[in-house]
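Asks: Protein chains in written order, with this note's numbering: chain Y, 35 to 370; chain V, 53 to 615.
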C-alpha cells in the first residue's frame with residue numbers, strides 16, 4: 035500500500051483521537067506542578083527570606099543567567115526567583131515537616147515539566163516529547179547548570195559566570211578542547227555544565243573519542259561544538275539549520291548542496307545515507323573524514339573497478355573523478 | 053564580501069561594548085518589597101559577599117605568550133586552526149557583576165588581532181524580553197599537504213535577535229554569513245564561496261497549541277564561477293498541540309524553492325504529522341509520517357520525485373529498565389535517467405534499545421537496528437548490478453559500572469553492510485574500554501582505549517582486494533586532573549592514535565601515528581587573578597612519507613585578571 039494513502043486515514047484517526055481525548059476528564063496534575071497549583075498567594079515569602087539560611091546559594095544565583103529573568107517585576111509571583119523553581123517557601127519554614135521542591139529527587143519528566151513552566155515560549159512539552167534524549171530519560175538539569183557551582187576548586191565566593199572553565203574543573207577537568215594550544219575556542223553558553231564536547235562525551239564517549247582521530251571536525255580545536263550539527267531543542271527557531279534536501283552538512287558545506295545535473299546517487303541524500311555513505315561525521319583515521327582509504331572508498335560500491343580500471347591510481351586525487359559530490363557537466367563526475 | 057563580514061563583526065562588537073557601557077549607567081532597580089508575613093521579619097546583616105556583585109560590569113583580560121617550536125610539516129599542525137606564536141591577547145571579556153538587572157549581557161573576545169580570532173556577545177533588555185546575540189569567528193588553516201599551498205581562510209558571522217511578546221509569543225530574526233576560501237591539494241577544486249542565511253520566525257501560543265511560521269532564505273555564491281549561484285527560499289509552517297495531558301499532535305509543512313543560474317527551478321514540498329502519546333506513566337508511543345514531493349527539474353540522471361517516510365516507536369519503562377522498539381519505512385519513487393520508468397525501492401528498518409540496571413551500580417545499554425531494501429533499482433552505470441546496500445545491521449552494547457568517584461565502561465559497536473549482487477559483505481567492529489577514578493578529593497585519573505577493525509567477506513569476486521583499503525586503527529587516552537587546593541590545578545591529557553593500513557598504493561596519510569601530550573598548571577592569586585603554564589609536546593608521523601609529519605613543543609604562559 036502506498037504510504038501516501040495512509041495520510042488521510044491517519045489524519046482521520048488523529049482527529050478522532052483529538053475529539054475523544056478532549057472529552058476525557060482532566061487528569062490530576064503531577065507533582066511538582068501540583069504544588070504550584072495548590073499554593074496560595076501568602077505561601078510565597080520572597081527571595082530575601084531564602085537568603086537568611088541559604089545566603090551563599092542566593093548570592094551565587096545572582097551570577098547566573100537566570101537571575102535577570104527571574105527578577106522581572108512583571109513575572110507572576112510563582113515564577114520569581116527561588117520560589118519560581120523550588121515552589122512556595124512558607125511550607126519550607128515548617129520546622130516539623132519542611133517541604134520544598136528538590137531537583138535531586140525529581141524524575142526527568144518532572145524536571146522537564148518544571149523548566150517548561152517558563153521556557154514554554156520557545157519549546158512546548160510536545161517538542162521535547164519524542165526526542166531521543168527525552169526517551170532516554172535525560173532532563174534539562176542533566177546538561178544545564180542553574181546555580182553556578184560554588185564549590186569548584188578555583189571557585190568560592192569569587193566564582194564568576196565568565197569563568198566557564200570553572201564548571202569543567204568542578205566536574206572532571208577532562209576538557210576535550212585543547213584551549214592551552216588553541217585558545218580561540220567557542221564560548222560555552224546557555225548555562226551548560228561544561229563545554230559541549232566534554233558534556234556530551236560524558237555519555238557519548240565513543241562519538242567524542244573519534245574527534246581525537248587523524249581527521250575530524252574541528253571540535254578539539256574549539257571551532258565547532260556538538261550543537262552545530264545536532265539539534266537538541268527542536269523548536270529553537272533562531273538556530274534552525276538549513277537542510278532542504280541533504281543532511282545538515284550543507285549548512286557549512288554549501289558547495290555540495292546542489293542540486294546537480296548529474297547527482298552522485300545514492301549519496302545525494304535521497305536514497306542512501308547521504309554524506310554518511312562516504313564520511314564519518316566525528317572523526318576518521320582516513321583523510322577528509324572518509325570511511326575508506328583511496329580506492330577503497332569507491333570500491334565498496336563500484337566493485338567492478340577493482341581489477342581493470344586504472345590500477346595503481348586513486349579515484350579523485352589522481353585528477354579523474356573530481357566532482358564526486360555531483361557534476362553539472364559530466365555524467366561520470368569527471369569535471370564540475 | 054570579507055570586508056562586509058568584518059565590518060558587520062566590528063560594528064556588532066562596538067554595539068555590544070557601547071550597550072554594556074550604557075548599561076552601567078542604569079541604576080539598579082529598587083528592591084521589591086514583599087507583602088507576605090515573612091517580610092515583617094527584620095533582615096539580618098548579609099553574610100560576606102563577592103567583591104564583584106556590587107559592580108555593574110567586570111572586565112577580564114588574559115595575556116599569553118606561546119612558543120610553538122614547530123619542526124616539519126607545520127601545515128598539518130595548522131590543519132584546522134592557527135595557534136598564536138609569540139605574545140598575544142588570549143581573552144578580553146566583559147561580564148555583568150550583577151545579573152539581577154533588567155539589562156544585562158556579556159562580550160567575549162578571543163585572541164583579537166591574531167589570524168584566528170572570535171567575538172561573542174549577547175545583550176538582554178527589559179528582563180529578557182529583547183535578546184540579541186552575536187558571534188564572529190575567523191579561522192586560518194592549511195591543507196596538510198607539505199607542498200606549498202596558500203592558506204585557507206574562513207569567516208563566519210551570526211547575528212540573532214529575539215523579541216518576546218508577553219510570555220506567549222516571539223519574533224526571531226537571524227542573519228548568518230559564511231565566507232570560505234580554501235586551497236586544497238592538486239586535482240581538487242579550490243573553494244571561494246560566500247553563503248548567506250536569513251531566517252525569520254514568528255512563534256508562539258496559538259489556539260491552545262504552539263505554532264510557528266518560519267521563512268528561510270539561503271544564498272550561495274561561487275566566486276570561481278564554476279558552480280551556479282543558488283538561492284533557496286523556504287517557508288515552514290508548524291503547529292503542535294497537547295490534545296490531552298498525555299498526548300501531543302503536531303504537523304509541519306515546508307515549501308522550498310531552489311533557483312540556480314542557467315537551470316530550471318526546483319521545488320521540494322514536505323508535509324509531516326508527528327505525535328507522542330503517554331499511554332501510561334511507563335509507556336510512550338511516538339510516531340511520524342512524512343510525505344515529500346520533489347521536483348528537481350535541473351537533475352538529469354536518476355532522481356527522486358517523491359519520498360514517503362513513516363516511523364513508529366514504542367517506549368516501555370519497567371522498574372529499572374527501559375526498552376524501545378521502533379520501525380521505520382522509507383519508500384522512494386525514483387525516476388530512471390531516461391525517464392522511461394519509475395522504480396520504487398523501499399527501505400524498512402527495525403530498531404530496538406534496552407537500558408537497565410542488572411546489579412547495583414552496573415548498567416547495561418543495548419542498541420540494534422536492521423535495515424533491508426526491497427524493490428529493484430535499475431542502474432545506468434557500465435555494470436548494471438545494484439550499487440545499493442541491500443542489508444545493513446548495527447549493534448551497540450555498553451556496560452557501565454561505577455559509584456561515587458569512579459566509573460568504568462566497556463562498549464562494542466558493530467556495523468555490517470551487504471550487497472549480495474556484488475558479493476560485498478563489509479563489517480566494522482569497534483571496542484572501547486575506559487573509565488575514571490577519583491584517587492582523593494580533587495585528584496582524578498581517566499583512561500580510554502578504542503580499537504576499530506574492518507573486515508570484508510565475500511566470494512572470489514571483485515571485492516577481494518577491498519579489505520586492503522579499509523584501515524584498522526586505535527586510540528589511547530590517559531589523563532590526570534588534580535585540584536591540589538582551592539587555588540591550584542594541574543592537568544595532564546595524553547592521547548595517541550595509530551592507523552594500520554595495508555596502503556598498497558603507498559600513499560601519504562595512510563599509515564600515521566599521532567601522540568599528543570598536553571599539560572597545564574593553573575594558580576589563582578588572592579585577588580582572583582590567575583597565572584597558568586602549559587607544555588604540550590605533540591608529534592605526528594607518516595610512515596610512508598616522512599615529509600607529512602611534524603614535531604611541536606608548545607610552551608605557553610598566561611596571566612589573567614579581573615578588574
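Heads up, the beta-carbon is just placed ideally off N, CA and C, and yes, glycines get one too.
So, at 7 Å on beta carbons, what are the nonlocal neighbours of residue 402(V) in its own chain, with the 5 sequence-adjacent residues on each side left out?
Replies: For the purposes of this step, residue 402(V) is taken as the residue at position 350 of the second chain. Taken in chain order, the residues that qualify are 379, 421, 422.
Asks: Just checking residue 334(V) against the ligand GTP - is the residue's beta carbon closer than 8 Å to any of the ligand's heavy atoms?
Replies: Ligands displayed in this structure: none; no statement on the ligand GTP is therefore possible.
Asks: Closer than 7 Å, Cβ to any Cβ of chain V: which residues of the stretch 241-266 of chain Y, in chain order?
Replies: Hits within the stretch, in order: 243, 246, 247, 248, 252, 255, 257.
Asks: Could you name the residues of the stretch 470-489 of chain V whose beta carbon sits closer than 9 Å to any beta carbon of chain Y, in the order they occur along the chain?
Replies: 471, 474, 475, 476, 478, 480, 482, 484, 486, 488
Asks: How would you label residue 218(V), buried or exposed, when you count the other beta carbons within 10 angstroms and need 16 or more for buried?
Replies: Within the second chain, residue 218(V) is the residue found at index 166, counting from 1. Looking at its Cβ environment, which holds fewer than 16 other Cβ atoms inside 10 Å, residue 218(V) is exposed.
Asks: Does DSSP put residue 347(V) in a helix, in a strand, or in coil?
Replies: As a first step, residue 347(V) must be located in the second chain, where it is residue number 295. DSSP places residue 347(V) in the strand class (E or B) of the three-state scheme.
Asks: Please go through the same chain and pick out, in chain order, the residues whose beta-carbon is closer than 8 Å to the beta-carbon of residue 358(V), but skip the five residues on each side of it.
Replies: Working through the second chain from its first residue, we reach residue 358(V) at position 306. Cβ within range, chain order: 343, 344, 345, 346, 384, 385.
Asks: Looking only at C-alpha atoms, which of 268(V), 509(V), 549(V), 351(V) sits nearest to residue 502(V)?
Replies: Within the second chain, numbered from 1, the residue matching residue 502(V) stands at position 450. Of the listed residues, the one whose Cα sits closest to residue 502(V) is 549(V).
Asks: From the DSSP output, read off the bridge partner residues of residue 589(V).
Replies: Position 537 of the second chain, counted from the start, is the residue given in the question as residue 589(V). DSSP output for residue 589(V) lists 605(V) as bridge partner(s).
Asks: What do you get for residue 267(V), buried or exposed, if any count of 16 or more other CB atoms within 10 angstroms of its CB means buried?
Replies: Here residue 267(V) corresponds to residue number 215 of the second chain, with the count starting at 1. Exposed, because fewer than 16 other Cβ atoms sit within 10 Å of the Cβ of residue 267(V).
Asks: Hey, would you say residue 267(Y) sits closer than 9 Å to residue 157(Y), going by beta carbons?
Replies: Your numbering for residue 267(Y) matches position 233 in the first chain. Your numbering for residue 157(Y) matches position 123 in the first chain. The answer is yes: Cβ separation under 9 Å.
Asks: Quick one: what does DSSP say residue 337(V) is sitting in, helix, strand or coil?
Replies: Walking along the second chain from the start, residue 337(V) turns up at place 285. Three-state DSSP puts residue 337(V) in a strand.
Asks: Relative to the C-alpha of residue 306(Y), which residue among 443(V), 406(V), 257(V) is closest?
Replies: Mapped onto the first chain, residue 306(Y) falls at position 272. Nearest of 443(V), 406(V), 257(V) to residue 306(Y), Cα basis: 443(V).
Asks: Express the C-alpha separation of residue 189(V) and residue 117(V) in angstroms, rounding to a whole number.
Replies: Here residue 117(V) corresponds to residue number 65 of the second chain, with the count starting at 1. Here residue 189(V) corresponds to residue number 137 of the second chain, with the count starting at 1. Taking the straight line joining both Cα atoms gives about 21 Å.
Asks: Got a sec, what are the start and stop residues for the beta strand (DSSP E) residue 91(Y) sits in?
Replies: On the first chain, position 57 is the one that residue 91(Y) refers to. First-last for residue 91(Y): 89-95, but that is the alpha helix (DSSP H), not the beta strand (DSSP E).
Asks: What does residue 486(V) pair with, by DSSP beta-bridge criteria?
Replies: Translated into the one-based positions of the second chain, residue 486(V) becomes position 434. Answer is 461(V), 500(V).
Asks: If you measure from the beta carbon of residue 249(V) to each beta carbon in chain Y, is any gap under 9 Å?
Replies: Your numbering for residue 249(V) matches position 197 in the second chain. For residue 249(V), the answer is yes, since a Cβ of chain Y falls inside 9 Å of its Cβ.
Asks: Helix, strand or coil for residue 356(Y)? Go by DSSP, reduced to three states.
Replies: Here residue 356(Y) refers to the residue found at position 322 of the first chain. For residue 356(Y), the three-state secondary structure derived from DSSP is coil.
Asks: To the nearest angstrom, report how far apart residue 238(Y) and residue 474(V) are at their CA atoms.
Replies: Taking the first chain and counting its residues from 1, the one referred to as residue 238(Y) is at position 204. Taking the second chain and counting its residues from 1, the one referred to as residue 474(V) is at position 422. Cα to Cα, residue 238(Y) sits roughly 35 Å from residue 474(V).
Asks: Specify the secondary structure class of residue 69(V) as computed by DSSP and reduced to three states.
Replies: As a working note, residue 69(V) is residue 17 in the second chain. At residue 69(V) the pLDDT is 47, less than 50, meaning the model places this residue with poor confidence; the figure from the coordinates comes in the next sentence. Helix.
Asks: Going by beta-carbon coordinates alone, are residue 526(V) and residue 546(V) separated by less than 9 Å?
Replies: Locating residue 526(V) in the second chain gives position 474, counting from the first residue. Locating residue 546(V) in the second chain gives position 494, counting from the first residue. Going by C-beta atoms, residue 526(V) is not nearer than 9 Å to residue 546(V).
Asks: Exposed or buried, residue 199(Y), counting other C-beta atoms within 10 Å across all chains shown (16 or more means buried)?
Replies: Within the first chain, numbered from 1, the residue matching residue 199(Y) stands at position 165. Model confidence at residue 199(Y) stands at a pLDDT of 36, short of 50, so the residue's coordinates are unreliable; what they give is reported in the following sentence. Buried, because 16 or more other Cβ atoms sit within 10 Å of the Cβ of residue 199(Y).
Asks: Mind checking which residues open and close the beta strand (DSSP E) that includes residue 186(V)?
Replies: On the second chain, residue 186(V) is found 134 positions in, with the first residue counted as 1. Residue 186(V) -> beta strand (DSSP E) spans 182-193.
Asks: What residue range is occupied by the uninterrupted beta strand (DSSP E) comprising residue 139(V)?
Replies: Against the second chain, residue 139(V) aligns to sequence position 87. Segment 138-148, the beta strand (DSSP E) holding residue 139(V).
Asks: Mark residue 317(Y) as exposed unless 16 or more other C-beta atoms lie within 10 angstroms of its C-beta, in which case mark it buried.
Replies: The residue labelled residue 317(Y) in the question sits at position 283 within the first chain. Buried: at least 16 other Cβ atoms inside 10 Å.
Asks: Based on the DSSP output, what are the partners of residue 404(V) in its beta bridges?
Replies: On the second chain, position 352 is the one that residue 404(V) refers to. The partner list for residue 404(V) (beta bridge, DSSP) reads 377(V), 420(V).
Asks: Could you pull the DSSP bridge partners for residue 169(Y) from this structure?
Replies: Taking the first chain and counting its residues from 1, one reaches residue 169(Y) at position 135. Beta-bridge pairing links residue 169(Y) to no other residue.
Asks: Within 10 angstroms of its Cβ, does residue 463(V) collect 16 or more other Cβ (buried), or is it exposed?
Replies: As a position in the second chain, residue 463(V) is number 411, starting the count at 1. Buried, because 16 or more other Cβ atoms sit within 10 Å of the Cβ of residue 463(V).
Asks: At a Cβ threshold of 9 Å, is residue 355(V) touching chain C?
Replies: Absence of chain C from the displayed structure is noted, the protein chains being Y and V.
Asks: With three or more beta-carbon pairs closer than 8 Å as the criterion, would you say the stretch 400-416 of chain V touches the stretch 333-348 of chain Y?
Replies: no
Asks: Pairs of beta-carbons, one from the stretch 518-532 of chain V and one from the stretch 210-230 of chain Y, closer than 8 Å: are there three or more?
Replies: no
Asks: Have a look at 97(Y), 73(Y), 103(Y), 142(Y) and flag the residue whose alpha-carbon is nearest the alpha-carbon of residue 126(Y).
Replies: For the purposes of this step, residue 126(Y) is taken as residue 92 along the first chain, with counting starting at 1. Cα-wise, what sits closest to residue 126(Y) is 73(Y).
Asks: To the nearest angstrom, how far is the alpha carbon of residue 158(V) from that of residue 182(V)?
Replies: Taking the first residue of the second chain as position 1, residue 158(V) is located at position 106. Taking the first residue of the second chain as position 1, residue 182(V) is located at position 130. C-alpha separation (whole angstroms): 15 Å.
Asks: Rounded to whole angstroms, how far is the Cβ of residue 450(V) from the Cβ of residue 417(V), which I believe are closer than 8 Å?
Replies: Along the second chain, read from residue 1 onward, the residue named residue 450(V) stands at position 398. Along the second chain, read from residue 1 onward, the residue named residue 417(V) stands at position 365. Indeed they touch by this definition, with Cβ atoms about 4 Å apart.
Asks: By Cβ distance below 6 Å, which residues in the same chain neighbour residue 303(V) in space, the five residues on each side in sequence not counted?
Replies: Indexing the second chain from 1 puts residue 303(V) at position 251. Exclusion of the five residues before and after residue 303(V) leaves 291, 325 as the residues of its chain whose Cβ lies within less than 6 Å of its Cβ.
Asks: When the distance is taken between beta carbons, is residue 306(V) closer than 9 Å to residue 322(V)?
Replies: Indexing the second chain from 1 puts residue 322(V) at position 270. Indexing the second chain from 1 puts residue 306(V) at position 254. Cβ atoms of residue 322(V) and residue 306(V): closer than 9 Å.
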